[in-house]
Amino acid sequence: MSAAPSTARPTATAAPPRPTGRPRRSVGGVAATTVLLLGALYCLVPVAWVVVASTKSRGELFTTFTFLPGSGLLDNLGDLFAYGGGQFGGWALNSLLYAGVGSVLSTLVSALAGYALAKYEFTGRNLVFFLVLAGVLIPGITLAVPQYLIMSDLGLAGSRWSVLLPSIISPFGIYLARVFAASVPDDTVEAARLDGASEGRIFISIALPMLVPGLVTLFMLQFVGIWNNFLLPFIMLADQGKYPLTVGLYTLLSRGSGEPGLYSLAIIGAALSVVPLAALMLVLQRYWRLDVLSGGLKG
Amino acid sequence: MASTTAPPAHPARAGTPSEDGASPARRPRQRHRLAAWTMLAPALLLFVAFLLVPIGYALWLSLRGLRLEGGGPFGRRVETFVGLENYATAIADAEFLAGFGRLLVYGALAVPFTLGLALVFALLLDARAARATRFSRTAIFLPYAVPGVVASLLWGFLYLPGTSPFSWLTDQLGGGAIPFLQDPWIFASVANIAVWGGVGFNMIIIYTSLRGIPEEIYEAARIDGAGEWQIAWRIKVPLVAPALVLTGLFSLIGTLQVYGEPTTLRPMTSAISQTWVPLMTIYRDAFTRDDLPLAAAESVLLAGLTVVLSVVLLRLNQRRIFGGS
Numbered sequence: 001m002s003a004a005p006s007t008a009r010p011t012a013t014a015a016p017p018r019p020t021g022r023p024r025r026s027v028g029g030v031a032a033t034t035v036l037l038l039g040a041l042y043c044l045v046p047v048a049w050v051v052v053a054s055t056k057s058r059g060e061l062f063t064t065f066t067f068l069p070g071s072g073l074l075d076n077l078g079d080l081f082a083y084g085g086g087q088f089g090g091w092a093l094n095s096l097l098y099a100g101v102g103s104v105l106s107t108l109v110s111a112l113a114g115y116a117l118a119k120y121e122f123t124g125r126n127l128v129f130f131l132v133l134a135g136v137l138i139p140g141i142t143l144a145v146p147q148y149l150i151m152s153d154l155g156l157a158g159s160r161w162s163v164l165l166p167s168i169i170s171p172f173g174i175y176l177a178r179v180f181a182a183s184v185p186d187d188t189v190e191a192a193r194l195d196g197a198s199e200g201r202i203f204i205s206i207a208l209p210m211l212v213p214g215l216v217t218l219f220m221l222q223f224v225g226i227w228n229n230f231l232l233p234f235i236m237l238a239d240q241g242k243y244p245l246t247v248g249l250y251t252l253l254s255r256g257s258g259e260p261g262l263y264s265l266a267i268i269g270a271a272l273s274v275v276p277l278a279a280l281m282l283v284l285q286r287y288w289r290l291d292v293l294s295g296g297l298k299g
Numbered sequence: 001m002a003s004t005t006a007p008p009a010h011p012a013r014a015g016t017p018s019e020d021g022a023s024p025a026r027r028p029r030q031r032h033r034l035a036a037w038t039m040l041a042p043a044l045l046l047f048v049a050f051l052l053v054p055i056g057y058a059l060w061l062s063l064r065g066l067r068l069e070g071g072g073p074f075g076r077r078v079e080t081f082v083g084l085e086n087y088a089t090a091i092a093d094a095e096f097l098a099g100f101g102r103l104l105v106y107g108a109l110a111v112p113f114t115l116g117l118a119l120v121f122a123l124l125l126d127a128r129a130a131r132a133t134r135f136s137r138t139a140i141f142l143p144y145a146v147p148g149v150v151a152s153l154l155w156g157f158l159y160l161p162g163t164s165p166f167s168w169l170t171d172q173l174g175g176g177a178i179p180f181l182q183d184p185w186i187f188a189s190v191a192n193i194a195v196w197g198g199v200g201f202n203m204i205i206i207y208t209s210l211r212g213i214p215e216e217i218y219e220a221a222r223i224d225g226a227g228e229w230q231i232a233w234r235i236k237v238p239l240v241a242p243a244l245v246l247t248g249l250f251s252l253i254g255t256l257q258v259y260g261e262p263t264t265l266r267p268m269t270s271a272i273s274q275t276w277v278p279l280m281t282i283y284r285d286a287f288t289r290d291d292l293p294l295a296a297a298e299s300v301l302l303a304g305l306t307v308v309l310s311v312v313l314l315r316l317n318q319r320r321i322f323g324g325s
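The listed protein sequences correspond, in order, to chains A and B. Per the numbering used here: the first sequence ends with 299, consecutive numbering throughout. Per the numbering used here: the second sequence ends with 325, consecutive numbering throughout.
Right, dumping it as structure tokens:
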């Protein structure tokens, strides 16, 4: 634990190592550890439940003790991937497409805009920055209905574009990228200019490598945000083949009340959709630099 | 935000004449302007297309409405300008207002619990005596990766009498099932899903902010005889106030946008109506009732309220965020 934050955040290494001579098994220490473990338990119980429940057959779901593993895992898996001609796999691919492509493009667009706002002085800069800040406060999801109407007018409603395009713009992402870009030294930029580098070249070869740690955080924030989004695809899409996991699982569940067999499918689908993202988060955890979020507000 | 007054971008050229002079320095200036706008272009294009235009469209649409023209059997409905009529309808709609009331109850549970637990966990992670911190931190952060819809599905089954382990326990003890999915428990049940999903993310923001505090401050306080509790409340909490405001802002915006969680729980309970929270009413009016102008007016009201509350929150805390400057 003491090693991880220092690798993730070089600034933390400046602080002296915490004294270790203190007695560890104090009453306060036991209480603190207990509360933390209770918090961990609270967060893990639903995940543990869905993993266990995904092994239950339809009959067992409502009859056996809720944390008792069942015998239906393989049947459930088979049913899930057979449902609607393999729709579940399609939903997973769609989620990956929307979140993957959307967050990469969003990160690039935000990085470009943030760098321009941080490193150039031009007329209208303050106006653009004000717009970005105002955009941070406007909840994008309340715009989902008007966005749908615009997409209809453009003839894009119902297409994958209608989910992908609105996901790319992120005022908060631009704001964060501007905070990151402010740390690119002006002297380095100026030196590259004197050497005859073009502005685009400076951005790609000098600024971008320096911004990578912050942009990785931005990418992951966007990825999770788009992956977890429900209302936008729910409004935009009518064709089940284009649904992401969230909307697909919702349709399974909402039909489950009339067709209890679908409950089992919703459960194993939920379990399968949680596991890969959770694994990804655990692997990428050391790259999270959320300190930049609070650091950004301090200005 | 205080850093809008960034250092001049070109300190090396401090001696160059001003822009309007026909000097050789003019060309790099123009080149920079071109580069800046080129880099901003994709963001601005998307910003205009998917934020500004929808806002403008929603505002315009909210002033329109269908009116019967002519009359009798030959009357036809035409779209026309109706002024603030849709806003009046929205504000007079008891169900829409009740949705805000339910949002208030839900938010009054979800926001303080999310932030309070996040702060407690962050302080404990930062406490010297705590053990198993890496495991706890990872476990508490995990739900952030679970979409709200999937979280609602998981918790929904943990609430449902037939599958709930909690109700099983109370039932074994002779108390019967806990009515998680009935009024008024439903508020706590929906809020719990938001707390579960949000506490880890907020905890990490506060925790990273705590890690940035120099150790010397604590040492000085310890020499002065401060205990760990006093250090936590008198030093750590005030110093992470900016992070708390940020997490508070995120939670507030998140609360006003709540939609997926109650919508997912609906098939399991009759306590959640089709208009339980404002966004659900907006969705119904837009797509079930096909009253787009009314839905637009309601969207404008909800977005406006969010902005006003966010600005108020930021204003109230401005001195804390910017260190009193």
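We treat Cβ as the ideally placed atom computed from N, Cα and C, and that holds for glycine. Being a predicted model, the structure only gives us computed values, none of them experimental.
Between the alpha carbons of VAL224/A and SER264/A, how many angstroms are there, rounded? Going from the Cα of VAL224/A to the Cα of SER264/A covers about 25 Å.
Report, in whole angstroms, the separation of the C-beta atoms of LEU117/A and VAL101/A, which I expect to be a contact under 8 Å. Between LEU117/A and VAL101/A, the beta carbon gap of about 24 Å keeps them out of contact (Cβ cut-off 8 Å).
Beta-bridge partners of PHE81/B, as assigned by DSSP: Beta-bridge partners assigned by DSSP to PHE81/B: ARG64/B.
Let me know if TRP60/B comes out buried or exposed under the rule of 16 or more other beta-carbons within 10 Å of its beta-carbon. TRP60/B is exposed by the Cβ-count criterion.
Coarse secondary structure for GLU69/B, derived from DSSP in three states: The DSSP-derived three-state label of GLU69/B is strand.
Which of the three DSSP states, helix, strand or coil, is assigned to ARG128/B? In the three-state scheme derived from DSSP, where H, G and I count as helix and E and B as strand, ARG128/B is classed as coil.
Report the neighbours of SER310/B on chain A: residues whose CB is nearer than 7 Å to its CB, in chain order. At a C-beta separation below 7 Å, SER310/B has these neighbours in chain A: LEU137.
So, is PHE96/B buried or exposed, given that buried needs 16 or more other C-beta atoms within 10 angstroms? That one is buried.
Can you give me the Cβ contacts of LEU256/B inside the same chain, cut-off strictly under 6 Å, excluding the 5 residues immediately before and after it? Here the set comprises THR306.
Compare the C-beta of ARG125/A against all C-beta atoms of chain B and say whether one is closer than 9 Å. Yes, ARG125/A counts as interfacial toward chain B.
How should GLY304/A be labelled, buried or exposed, when 16 other C-beta atoms within 10 angstroms of its C-beta is the threshold for buried? The structure shown does not extend to residue 304/A, since chain A spans only 1 to 299, so no value can be given for it.
Under 7 Å Cβ-Cβ, which residues of chain B neighbour ASN228/A? Per Cβ cutoff of 7 Å: PRO147, GLY148.
Pick from LEU51/B, THR114/B, ILE204/B, LEU154/B: whose alpha carbon is nearest that of LEU132/A? The sequence as given places Val at residue 132/A; Leu does not occur at that position. Out of LEU51/B, THR114/B, ILE204/B, LEU154/B, LEU51/B has the C-alpha closest to the C-alpha of VAL132/A.
Assuming VAL146/B and VAL274/A make a contact with CB atoms under 8 Å, what is their CB distance in whole Å? The pair is a contact, with the Cβ atoms about 6 Å apart (cut-off 8 Å).
I want to see whether chain A comes within less than 9 Å of SER251/B, judged by CB atoms only; does it? Put simply, the CB of SER251/B is far from chain A, with every gap to its CB atoms at 9 Å or more.
Please compile the residues from chain A whose C-beta is within a distance smaller than 9 Å of the C-beta of THR269/B. Simply none; closest approach about 10 Å.
Hey, ALA43/B and ILE174/A are a contact pair by Cβ (cut 8 Å); roughly how many whole angstroms apart? Yes, they are in contact, since the Cβ atoms of ALA43/B and ILE174/A sit about 6 Å apart, within 8 Å.
By DSSP, does ARG160/A sit in helix, in strand, or in coil? Three-state result, ARG160/A: coil.
Does DSSP put ARG76/B in a helix, in a strand, or in coil? Looking at ARG76/B - three-state DSSP - the assignment turns out to be strand.
ASP187/A (DSSP reduced to helix, strand or coil): In the three-state reduction of the DSSP assignment, ASP187/A falls in the helix class.
Apart from the five residues on each side of it in sequence, which residues of its chain come closer than 8 Å, Cβ to Cβ, to PHE86/A? Going by the sequence as given, residue 86/A is Gly instead of Phe. Closer than 8 Å at the Cβ level, and outside the excluded window around GLY86/A, lies no residue.
Looking at C-alpha atoms only, which residue of ASN229/A, GLY200/A, LEU282/A is the closest neighbour of ARG33/B? The candidate whose alpha carbon is nearest that of ARG33/B is GLY200/A.
Cutting at 6 Å between CB atoms, please list the residues of its own chain near SER299/B, excluding the five before and the five after it. Within the same chain, ALA58, ILE282 come within 6 Å of SER299/B by CB-CB distance, once the 5 residues on both sides are set aside.
Thinking C-alpha only, which one of ASP285/B, ILE223/B, GLY304/B, LEU265/B is nearest ILE253/B? Cα-wise, what sits closest to ILE253/B is GLY304/B.
Selected residue, minimal CA-CA separation from ILE202/A, among MET210/A, ALA192/A, ALA32/A: Considering only alpha carbons, the answer is ALA192/A.
Looking at the secondary structure, which residues open and close the alpha helix (DSSP H) in which ASP79/A lies? First-last of the alpha helix (DSSP H) with ASP79/A: 73–82.
Would you call the region 171–182 of chain B and the region 206–215 of chain B touching, i.e. three or more CB-CB distances under 8 Å? With the rule of 3 Cβ pairs closer than 8 Å, the region 171–182 of chain B does not count as touching the region 206–215 of chain B.
Using a cut-off of 8 Å between C-beta atoms, extract the partners of SER273/A located in chain B. Residues of chain B whose Cβ lies closer than 8 Å to the Cβ of SER273/A are, in chain order, PRO147, VAL150.
Span of the alpha helix (DSSP H) around PRO242/B: For PRO242/B, the enclosing alpha helix (DSSP H) starts and ends at 241–256.
According to DSSP, is GLY135/A helix, strand or coil? GLY135/A: helix per DSSP, three-state reduction.
Closest to LYS119/A by C-alpha separation, out of LEU313/B, MET39/B, ASP291/B, would be which residue? Minimum Cα-Cα distance from LYS119/A among the listed residues LEU313/B, MET39/B, ASP291/B corresponds to MET39/B.
Within 9 Å of any Cβ in chain B, is that where the Cβ of GLU259/A sits? Output row for GLU259/A: interface = no.
In chain B, which residues lie with their C-beta within 9 Å of the C-beta of PHE65/A? Within 9 Å Cβ-Cβ: PRO165, TRP168.
Quick one: does the C-beta of ASN192/B sit closer than 8 Å to a heavy atom of the ligand SAM? This structure simply doesn't include the ligand SAM, nor any ligand for that matter.
Exposed or buried, which one is GLN222/A when buried takes at least 16 other CB atoms within 10 Å? Of the other Cβ atoms in all chains shown, 16 or more fall within 10 Å of the Cβ of GLN222/A; this residue is therefore buried.
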